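The block underneath contains the structure these notes are about, expressed in structure tokens.
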Amino acid sequence: MTTEQQSLEQEPSSTKLALSLAFAGLISGIIIISIFEATLPTITANKARELREAVFKVLPNVTSMQKLQFDNGKLRVRSEKGADEDTIYGGYGSQGQFVGYAVEGAGPGFQDTIRVLYGYLPEQRKIVGMEILESRETPGLGDKIFKDMAFVANFADLSVDPKIKAVKKGTKSAPYEIDSITGATISAKAVVRIINEARAHWEDRLPAPGNEPKLELVSKKAADEGKGDTSPTPAPGN
Amino acid sequence: MAINIKDPSAIQEMMKGLWRDNPVFVQVLGMCPMLAVTNSAINALAMGIATLFVLVGSSALVSAFKNLIPKQVRISLYIVIIATFVTVIDYTLLALVPAIHKELGAFIPLIVANCMILGRQEAFAAKHSVGFAVMDAIGMSAGFVIALFALGSVREILGNGSLFGIDLFGAGFEPWVIMILPPGGFITLGLILLFFNWVTERKARFLEQVVAAEQARG
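As structure tokens, this is what we get:
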């Protein structure tokens, strides 16, 4: 009896243990939710700004952009409700004329998924710019896919026919070849593969040159105001 | 419980983390972030500061509530406290410095699993007053930052020829690529540990000689 009492004194009841853990969990949950809520607007804005900046970077001479979506066999201006997949970005010049597309692609790199955005001029069938949106490639090696300016410059004037090909550094001879990175061959090839896959995916979905969706004024205003995520007026229903 | 900063024992609690009880060089704790994110000086520094925030916050809380925390579930409670601080710093970095957050990637959430932090709660914060616990946490994280930074700068200088992204040697330098990869981390850490132990041993031998000389004279 006495030993039992002693052990009862030493050992708090399991209810008490569970309660103290539950209480700590509750407090922790509240703190985590508040920090999540507090930082969410900044984080979303950062991501939207990064993407918008990237679109303007990969498409030269572009002053406004709008989201385009492939829907029911036709590329149209993205409606508010549309899902994020199958979305690309149309870039337009100062007169509102169509310049080119910014297409996002993703695929496995050396360590984790690489997200790439590239600018494409359909009339000339050329890639004119490339930005890495997200990657966890080895710092100092794989991250040269966005830090090595010589590699990035490969994509400034790159023919897409028949297919982009990574070749050993310094041996680029054809307009569709790019100089790879010494020591980061896998990452460089991953970028090329991602772009090729995204291009194959979009090849038949893009309208013939000249028939691109027109720039809607709402989106130009939204882009100017810095609300990259705001979609233009809903596309006409069908 | 406020303590006087000039209190010599408080200063001692802080200083011991820098050299005598350095978490990395002496206790060999927290090796995962140590090896993983030290391939450049700036990453090492950011990781060190994030760890400092988590360790100081958790130590203060654990020490403040040490009498309310039931012994049987203390480890789980410590982890809950640590994980909360880690989540806070994770989102804060993502919002304020997205570029650095991108570089550190998965290693910020992994601060939870840094045994140095849990070790300090169990070994120190749970037994001392808040003031001492905070001083100890500051000292330990400062020691951790020094260690991370030492490794990070050596690896960046040799592996990339730069420090904080600034080129040091010009085009003629051929980077030792291996230093940036995991083996480089192990090699550098091994050499630094070797140096550290060598210094400690020499110091001990010197003290022994001094004592012996005094005894001989006396």
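Protein chains in written order, with the numbering used here: chain A, -2 to 235; chain B, 31 to 248.
We treat Cβ as the ideally placed atom computed from N, Cα and C, and that holds for glycine.
A quick note: this is a predicted structure, and the numbers were derived from the prediction, not measured.
- Leaving aside the five residues that flank GLU101/A on each side, the residues in its chain whose CB is nearer than 6 Å to its CB run, in chain order, LEU114.
- Within the same chain, PRO119 and GLU120 come within 6 Å of PRO206/A by CB-CB distance, once the 5 residues on both sides are set aside.
- The DSSP-derived three-state label of ARG73/A is strand.
- Residue contact with chain B for PRO210/A: absent (no Cβ-Cβ distance below 8 Å to any residue of chain B).
- By the neighbour-count criterion, in which a residue is buried when 16 or more other Cβ atoms sit within 10 angstroms of its Cβ, LYS123/A is buried.
- Listed in chain order, the positions of the region 34 to 48 of chain A with a beta carbon within less than 7 Å of a beta carbon of chain B are THR36, THR39, ILE40 and ASN43.
- Using a CB distance cut-off of 8 Å, SER17/A counts as an interface residue toward chain B.
- CA-CA distance, ASN193/A to LYS160/A, rounds to 7 Å.
- Per DSSP, the beta-bridge partners of VAL100/A are TYR115/A.
- Distances from the CA of PRO139/B to each of ILE119/B, ALA156/B, ALA129/B and PHE216/B were compared; the closest alpha carbon is that of ILE119/B.
- Runs of the alpha helix (DSSP H) lying entirely within the region 128 to 204 of chain A and spanning at least 4 residues, in chain order: 141 to 144, 146 to 150 and 182 to 200.
- Against SER25/A, the close residues of chain B are VAL110, ILE111, ALA113, THR114 and THR117, in the order they occur along the chain (beta-carbon pairs closer than 9 Å).
- ALA156/B is outside the set of residues whose beta carbon lies under 8 Å from a beta carbon in chain A.
- Where ILE210/B is concerned, there is no enclosing alpha helix (DSSP H), because DSSP gives it neither an H nor an E.
- Counting C-beta pairs closer than 8 Å gives fewer than three between the region 89 to 106 of chain A and the region 162 to 174 of chain A, which falls short of the contact rule.
- Of the candidates GLY139/A, PHE143/A and ARG46/A, GLY139/A places its Cα closest to the Cα of THR179/A.
- Interface criterion met: the Cβ of GLY22/A is under 8 Å from a Cβ in chain B.
- Ranked by Cα distance from ASN97/B, the options PHE179/B, VAL207/B and SER159/B are led by SER159/B.
- Taking all protein chains shown into account, GLN245/B has fewer than 16 neighbouring C-beta atoms within 10 Å of its C-beta and is therefore exposed.
- In the DSSP assignment, no residue is bridged to ASP83/A.
- Contact of ARG133/A with chain B is assigned, a C-beta pair being separated by under 8 Å.
- The region 119 to 134 of chain B makes contact with the region 33 to 48 of chain A; the number of CB pairs closer than 8 Å reaches 3 or more.
- Beyond the five residues adjoining it in sequence on each side, LEU193/B comes within less than 7 Å, by CB distance, of ALA71, SER183, GLU186 and ILE187 in the same chain, given in chain order.
- The region 173 to 181 of chain B makes contact with the region 47 to 57 of chain B: 3 or more CB pairs, one atom from each, lie closer than 8 Å.
- Apart from the 5 residues on each side of it in sequence, GLY169/B sits with its Cβ closer than 7 Å to the Cβ of GLU43, MET44, MET45, LYS46, GLY47 and LEU48 in its chain, given in chain order.
- With 16 or more neighbouring CB atoms inside 10 Å of its own CB, ASP166/B falls in the buried class.
- In the three-state DSSP reduction, PHE203/B falls in the coil class, being neither helix nor strand.
- For SER31/A, the enclosing alpha helix (DSSP H) stretches over residues 11 to 55.
- Flagged as an interface residue toward chain A: THR122/B, by a C-beta distance shorter than 8 Å.
- Three or more beta-carbon pairs separated by less than 8 Å are not found between the region 191 to 208 of chain B and the region 82 to 99 of chain B, which leaves the two stretches without contact.
- Between the region 97 to 107 of chain B and the region 219 to 237 of chain B there are fewer than three C-beta pairs closer than 8 Å, too few to call the two in contact.
- Using a CB distance cut-off of 8 Å, GLN151/B does not count as an interface residue toward chain A.
- Its Cα nearest to that of GLN151/B, the residue SER88/B stands out among ASN144/B, SER88/B and VAL142/B.
- As a beta-bridge residue in DSSP terms, MET62/A pairs with GLY88/A.
- Rounded to whole angstroms, the gap between the alpha carbons of GLY70/A and LEU203/A is 10 Å.
- Taking 9 Å as the upper bound on Cβ-Cβ separation, chain A lies near residues PRO205, VAL207, MET209, ILE210 and LEU211 of the region 203 to 228 of chain B.
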